[in-house]
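K.L.:
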Amino acid sequence: MPENLNIPDHRKLKAVYLIIVLHTMQIGVGIAGYPRIVFMEAGRGSLISLIIAAIALHIIIACIVYVLRSFENQDLHGVLTQFFGKWFGKIITFFFIIYFFMLFLSVQVNYIEFVRVFIFPDMSSWLISLFLLSLVLYAALGGVRVAVGASIVFFFGAIWMVGLQIEPMTYIKFDNYLPMFEASPGELLSGALKTSYTILGFELLWVLYPYLNEKNKVHRYSQLSMSITVSMIIFLTFVSIGFFSDEQLKELTWPVLSTIKIISFPMFERFDIVTVALWMIIVLPNLILLCWMTGMSVKRVFGGKETYYIFIICLVAFICQSFLDNRYLVGSFTNLVGQTGILSGFLFPVLMVPFAMYHRRKGAKNHGKQS
Amino acid sequence: MKRRSRQSNYFPCKVETLQQDLFSDFFNSSPDLASKKVSVEGKTAIIIYMDYLVKEEEVFSHVTTKIQEAKQLDYQTIESDIPITDIMELKTLDEIGGALLEGYVCVYIEKEKSSLVIPVPRIDQRKPGKAETETLIFGPRISFSESIDMNMNFIHKRLDTKTLTVEKFIIGDMIPTEVRLLYLSDIANDEAVQEMRDRLNSLKIDDVLESSALTQYIEDNSYSIFPQFLVTELPDRFCYSLKEGRVGLLVDKSPSGVIAPVSFLSFFQTTEDIYTRWNMGSFIRLMRIVAMFLSITLTPLYVAALTYHYEIIPDALLVSLGHSRSRVPFPPLLEALILEFLIELIREAGARLPTKVGQTMGIVGGIVIGQAIVQAGFTSNILIIIVALSALASFTTPSYLMGSAIRIIRFPLILLAGFWGFIGLIFSFAFIAIHLVKQRSLSFPYFVPIYPFQPRDFDNSFLRLPFLWSNKRAYSNRPKKIRRFQKPNR
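Which chain is which? The protein sequence lines are A and B, in order.
Once you know that position 200 of the first sequence is 200 in our numbering, the rest is easy, because the numbers rise by one and skip nothing.
Once you know that position 341 of the second sequence is 1341 in our numbering, the rest is easy, because the numbers rise by one and skip nothing.
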């Protein structure tokens, strides 16, 4: 059985950072296209779908924290090996590594797609990828402190962009929300399932948990972070649905970016170009933290130095993005990641709960015997 | 001969031998080694000194005369006759030679087993003057001088507390230089003090040169463009930092003190912000940060917008921009680089030339070249405004090193913006942000209070809140006592 990860106290991070870090992990490329995706499924019941997904999200976080708190200081790999033994645990972690990498890749290719559609249609994808990955490498090589620090700095650099939605808000037509309850339960549910890609990213908690101080506050802060994410998505979806008519909304791939098209400042006629470039700051925390957590998980499975794995991950991601070079492929790949996420992000923690309960009971018994 | 001088039982010897040995062995036949023989009651003594290292009048009045008038010639009598403290007895030639170099006078009485050295050093120093690079409008203007004694005097006068601790280090193998480590023992963080002590102890170099050179030997990341230690010439600011729980260094023969650990934002603060009223202080601090941001953004933004993103420029502006750029044959990137380079040239030339010529240079550079370059169709009017504005903004940074760093960073930013538009621009911002997060100053985080996020420090970093609201020292320095004073009950 693997020992608890021993991380010295001075290298640990404050649990408060979870509020920002989990939030930046979730908000990324998914949010830009989310209103359309959910609208295609649930129509005007989108917000209801979203609320269903949000409730599920909060429950899942409770599950994850419950499982993690059955142990003193374990990450995903540690938990799995405790439950299923060394080899089986390693195999499941390996699947997670692939899943994390797929997330990493999907964020990257989606951002490349943004840039090519909005700013530089002719810019080669490998160049944008090189930009992103060099930053990711630079940050991820600094370890967890730099990864988390960069996310926090980028969060403050990007959060003001929510304010850009104020102008589109003034153009909202309330007819667009009505009739509200026309979607069938099946449509609502499939809308909720389609939400998965947008709110994925909370898996970071699995890997980051051993690095946190004040474990008793982890639950509170992660739930808070989820509610921030959810309220932001609800707000953006609300604006997009109210701003566009339903025919328009179904045709726009990235409604959130399209709402920003109408904004103009005295010095900036078209702010959407600036926004898409700035979206890099929203995407980078995703990539940096994903890269770090993938590297960390690989290290936990195979041993060795994290630095090399981070290099390898970036190199593989650089090669893989060249195969995902058209919109259709990117779309279906993102879909695939979203569906995988339903299994590995949402279903998996629930499945772990019985094991954790068993482990706790066993632990309590052992403890009783000893005393 | 050589061997003999190293021996510990060099003495007793003849006075002529001592003089000859010092002259030929130690001072390479220097013409400035002065000596005088004195005979009292049959005993012979010799007085030797380097004439430009001692105060000669004092040697004549306090040493030579006293020995000549002495009733009998032995060291006790001389020591009690001479009104100078810190007289030492030395036994080897090496020690004597070293002492002579530090401004001692050597007195040797024939047949004695040791020699007497008396300190009469001549230190020519400038009077404490006004600060030149960190000028203040409001507040104490005195600056450090080149003598460590005088600098210590400044600091002791300002920090009249028994907790001011001073540690002495001698650094440099070839040219030993005195370095003093200063901190307030009841406030400064022990880890910071220990870290600085370790770094100084493990430093093995030939020569310190200057305090800002010393910082480059002991800083955390030598490859970064950002300074990680604050070098200041204001005793006032130095003492303020010590009171905040930081650690200070003074280097002999250097007119500036070093402060660590510092954060990125410390470079945009002056003590003047504290002397003025809080609202002005806050406004000026915020303005400096905005100015720094503008200084590195404006020109790259112009280049990016004009090269790739015409559509973001509003119609009204586009007309005048197009008009002023219509005669320019270069792409915006080249245009901006030429002008930025020109501004740097004018700045550098102005700094190197004597003051009077320098002013002329400013006028020639600023007005004549600026006017001519537009008429010749090299650059557009608007770019001149932008470049001048960003140069101006970069000079608002109180620290010279940080100001220069900001001016230099602009060039890679302009290049990236010229090649890849906004993507290049945002890339470079992200890179700078990650870089700043990675930096440490004396192993303390550099980018506080943003990361590690420390909202309790905002009162005296971005802003300068009234003292009633900010009665605590910065949490990020982890001082031993966080509270400066109790809030009055009102």
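No residue lacks a Cβ here, since even glycine has one placed at the ideal position from N, Cα and C.
Source: prediction; values computed, not measured.
1. Measure from the alpha carbon of Ser1428 (chain B) to the alpha carbon of each residue in B:Leu1242, B:Leu1415, B:Arg1440 and B:Lys1438, then state which is nearest.
2. Could you spell out the range, first to last residue, of the alpha helix (DSSP H) harbouring Phe1169 (chain B)?
3. State yes or no: is the C-beta of Val1120 (chain B) within less than 8 Å of the C-beta of Val1063 (chain B)?
4. Taking Gln108 (chain A) as the reference, which of A:Phe318, A:Lys305, A:Met226 and A:Lys250 has the closest Cα?
5. Drop a sphere of 10 angstroms on the beta-carbon of Phe1154 (chain B), count the other beta-carbons inside from all chains shown, and report buried for 16 or more, exposed for fewer.
6. For Ile390 (chain A), return the contacting residues in chain B, with the cut-off set at a CB-CB distance below 9 Å.
7. Can you give me the C-alpha to C-alpha distance between Ile1082 (chain B) and Glu1058 (chain B), rounded to a whole angstrom?
8. Just by C-beta distance, which residues in the segment 13-29 of chain A are closer than 9 Å to chain B?
9. Closer than 8 Å, CB to CB, is Gly955 (chain B) near chain A or not?
10. How far does the alpha helix (DSSP H) with Cys1106 (chain B) in it extend, from its first residue to its last?
11. Measuring alpha carbon to alpha carbon, tell me which of B:Asp1186, B:Phe1422, B:Leu1230 and B:Arg1410 ends up nearest Arg1440 (chain B).
12. Using a Cβ-Cβ cut-off of 6 Å (strictly less than) and excluding sequence neighbours within five positions of Met102 (chain A), which residues of its own chain qualify?
13. For Ile273 (chain A) and chain B, any beta-carbon pair shorter than 8 Å?
14. What did DSSP end up calling Leu212 (chain A) once you bin it into helix, strand or coil?
15. What in chain B is Cβ-close to Gly142 (chain A), meaning under 7 Å?
16. Taking just the CA atoms, how far does Val276 (chain A) sit from Phe120 (chain A)?
17. For a cutoff of 8 Å on Cβ pairs, would you count His952 (chain B) as touching chain A?
18. Over the uninterrupted alpha helix (DSSP H) stretch that includes Arg1352 (chain B), give me the two end residues.
19. From this set, A:Leu50, A:Tyr209 and A:Trp160, which residue's C-alpha is nearest Lys14 (chain A)'s C-alpha?
20. Taking the alpha-carbon positions, what's the Ser129 (chain A) to Ser322 (chain A) distance?
21. Quick check on this structure: which residue in B:Val1251, B:Leu1301, B:Pro1398 and B:Tyr1223 has the alpha carbon closest to the alpha carbon of Thr1135 (chain B)?
22. Pop quiz: Ala1034 (chain B) and Val1107 (chain B) are said to be a contact at Cβ under 8 Å. What is the actual Cβ separation, rounded to whole angstroms?
23. Any contact between the segment 342-350 of chain A and the segment 140-160 of chain A? By contact I mean 3 or more CB pairs, one from each, below 8 Å.
24. Within 8 Å (strictly less), CB to CB, does Ile112 (chain A) reach chain B?
25. Helix, strand or coil: how does DSSP classify Asp1207 (chain B) here?
26. For Ala140 (chain A), which residues of its own chain have a beta-carbon under 7 Å away from its beta-carbon, when the five flanking residues on both sides are left out?
27. Can you say whether Val1054 (chain B) is buried or exposed, counting buried as having 16 or more other CB atoms within 10 angstroms of its CB?
28. Tell me whether Ala15 (chain A) sits in a helix, a strand or coil according to DSSP, three-state version.
29. Looking only at DSSP bridge pairs, what is Met1050 (chain B) linked to?
30. Nearest to Lys1014 (chain B) by CA position, among B:Glu1041, B:Glu1112 and B:Glu1089, is which residue?
31. Do Phe118 (chain A) and Ile281 (chain A) have their C-beta atoms within less than 8 Å of each other?
32. Since Tyr111 (chain A) and Leu132 (chain A) should fall inside the 8 Å C-beta cutoff, what is the C-beta to C-beta distance between them, to a whole number of angstroms?
33. Could you list which residues in chain A have their beta carbon closer than 9 Å to that of Pro1314 (chain B), in chain order?
34. If I'm right that Val230 (chain A) touches Leu347 (chain A) with Cβ under 8 Å, what's the distance once you round it to whole angstroms?
35. Is Val1040 (chain B) helix, strand or coil by DSSP?
36. Within its chain, find whatever has a CB closer than 8 Å to the CB of Ala1070 (chain B); leave out the 5 residues flanking it on each side and keep chain order.
P.N.:
Judging by the given coordinates:
1. Against the second sequence, residue 1428 (chain B) aligns to sequence position 428. Of the listed residues, the one whose Cα sits closest to Ser1428 (chain B) is B:Leu1415.
2. Within the second sequence, residue 1169 (chain B) is the residue found at index 169, counting from 1. Note, Phe1169 (chain B): premise wrong, no alpha helix (DSSP H); beta strand (DSSP E) at Leu1164 to Ile1171.
3. Position 120 of the second sequence, counted from the first residue, corresponds to residue 1120 (chain B). Position 63 of the second sequence, counted from the first residue, corresponds to residue 1063 (chain B). Closer than 8 Å, so yes.
4. For the purposes of this step, residue 108 (chain A) is identified with residue 108 of the first sequence, where counting begins at 1. It is A:Phe318 whose Cα lies nearest to the Cα of Gln108 (chain A).
5. For this step, residue 1154 (chain B) is matched to residue 154 along the second sequence. Counting Cβ neighbours within 10 Å, Phe1154 (chain B) comes out buried, since at least 16 surround it.
6. Residue 390 (chain A) is absent from the structure shown; chain A starts at 1 and stops at 371.
7. Mapped onto the second sequence, residue 1082 (chain B) falls at position 82. Mapped onto the second sequence, residue 1058 (chain B) falls at position 58. Approximately 11 Å between the Cα atoms of the pair.
8. Leu13, Lys14, Val16, Tyr17 and Ile20
9. This structure gives no information on residue 955 (chain B), because the portion of chain B shown stretches from 1001 to 1490.
10. Within the second sequence, the letter at position 106 stands for residue 1106 (chain B). Careful: Cys1106 (chain B) lies outside any alpha helix (DSSP H), inside the beta strand (DSSP E) at Tyr1104 to Ile1109.
11. Here residue 1440 (chain B) corresponds to residue number 440 of the second sequence, with the count starting at 1. Looking at the Cα atoms, B:Leu1230 is the closest of the given residues.
12. Mapped onto the first sequence, residue 102 (chain A) falls at position 102. Cβ within range, chain order: Val337.
13. Start at 1 with the first residue of the first sequence, and residue 273 (chain A) comes out as number 273. For Ile273 (chain A), the answer is yes, since a Cβ of chain B falls inside 8 Å of its Cβ.
14. As a position in the first sequence, residue 212 (chain A) is number 212, starting the count at 1. DSSP places Leu212 (chain A) in strand when its eight states are reduced to three.
15. For the purposes of this step, residue 142 (chain A) is taken as the residue at position 142 of the first sequence. Near Gly142 (chain A) (Cβ distances below 7 Å), the residues of chain B are Lys1438.
16. Position 120 of the first sequence, counted from the first residue, corresponds to residue 120 (chain A). Position 276 of the first sequence, counted from the first residue, corresponds to residue 276 (chain A). Distance between the alpha carbons of Phe120 (chain A) and Val276 (chain A) is about 11 Å.
17. A query on residue 952 (chain B) cannot be resolved here, the shown segment of chain B reaching from 1001 to 1490 and no further.
18. For the purposes of this step, residue 1352 (chain B) is taken as residue 352 along the second sequence, with counting starting at 1. Start and end: Pro1332 to Arg1352.
19. Residue numbering aside, residue 14 (chain A) sits at position 14 when the first sequence is read from its first letter. Out of A:Leu50, A:Tyr209 and A:Trp160, A:Tyr209 has the C-alpha closest to the C-alpha of Lys14 (chain A).
20. As a first step, residue 129 (chain A) is located in the first sequence; it is residue number 129 there, counting from the start. As a first step, residue 322 (chain A) is located in the first sequence; it is residue number 322 there, counting from the start. Roughly 9 Å between the two C-alpha positions.
21. Against the second sequence, residue 1135 (chain B) aligns to sequence position 135. Ranking B:Val1251, B:Leu1301, B:Pro1398 and B:Tyr1223 by Cα distance to Thr1135 (chain B) puts B:Pro1398 first.
22. In the second sequence, residue 1034 (chain B) corresponds to position 34, counting from 1. In the second sequence, residue 1107 (chain B) corresponds to position 107, counting from 1. So it is not a contact: roughly 13 Å between Cβ atoms.
23. no
24. As a first step, residue 112 (chain A) is located in the first sequence; it is residue number 112 there, counting from the start. Not one chain B Cβ lies under 8 Å of Ile112 (chain A).
25. Reading the second sequence from its first residue, position 207 is the one you call residue 1207 (chain B). If DSSP states are grouped into helix, strand and coil, Asp1207 (chain B) belongs with the strands.
26. Within the first sequence, residue 140 (chain A) is the residue found at index 140, counting from 1. Ala147, Ile288, Cys291, Trp292, Gly295 and Ile310.
27. On the second sequence, residue 1054 (chain B) is found 54 positions in, with the first residue counted as 1. Per the 10 Å Cβ criterion, buried.
28. Within the first sequence, numbered from 1, the residue matching residue 15 (chain A) stands at position 15. Three-state result, Ala15 (chain A): coil.
29. In the second sequence, the residue the question calls residue 1050 (chain B) occupies position 50. Answer is B:Leu1033.
30. Reading the second sequence from its first residue, position 14 is the one you call residue 1014 (chain B). When each option's Cα is compared against that of Lys1014 (chain B), the closest is B:Glu1112.
31. Here residue 118 (chain A) is taken as the residue at index 118 of the first sequence, counted from 1. Here residue 281 (chain A) is taken as the residue at index 281 of the first sequence, counted from 1. It is not a contact, given that the beta carbons lie outside the stated cut-off.
32. Position 111 of the first sequence, counted from the start, is the residue given in the question as residue 111 (chain A). Position 132 of the first sequence, counted from the start, is the residue given in the question as residue 132 (chain A). So it is a contact: roughly 7 Å between Cβ atoms.
33. Taking the first residue of the second sequence as 1, we reach residue 1314 (chain B) at position 314. Simply Ser264, Phe265, Pro266, Met267, Phe268 and Glu269.
34. If you number the first sequence from 1, residue 230 (chain A) lands on position 230. If you number the first sequence from 1, residue 347 (chain A) lands on position 347. Contact doesn't hold; Cβ gap of about 19 Å is too wide.
35. Here residue 1040 (chain B) corresponds to residue number 40 of the second sequence, with the count starting at 1. Looking at Val1040 (chain B) - three-state DSSP - the assignment turns out to be strand.
36. Within the second sequence, the letter at position 70 stands for residue 1070 (chain B). The residues are Val1040, Thr1077, Ile1078 and Asp1081.
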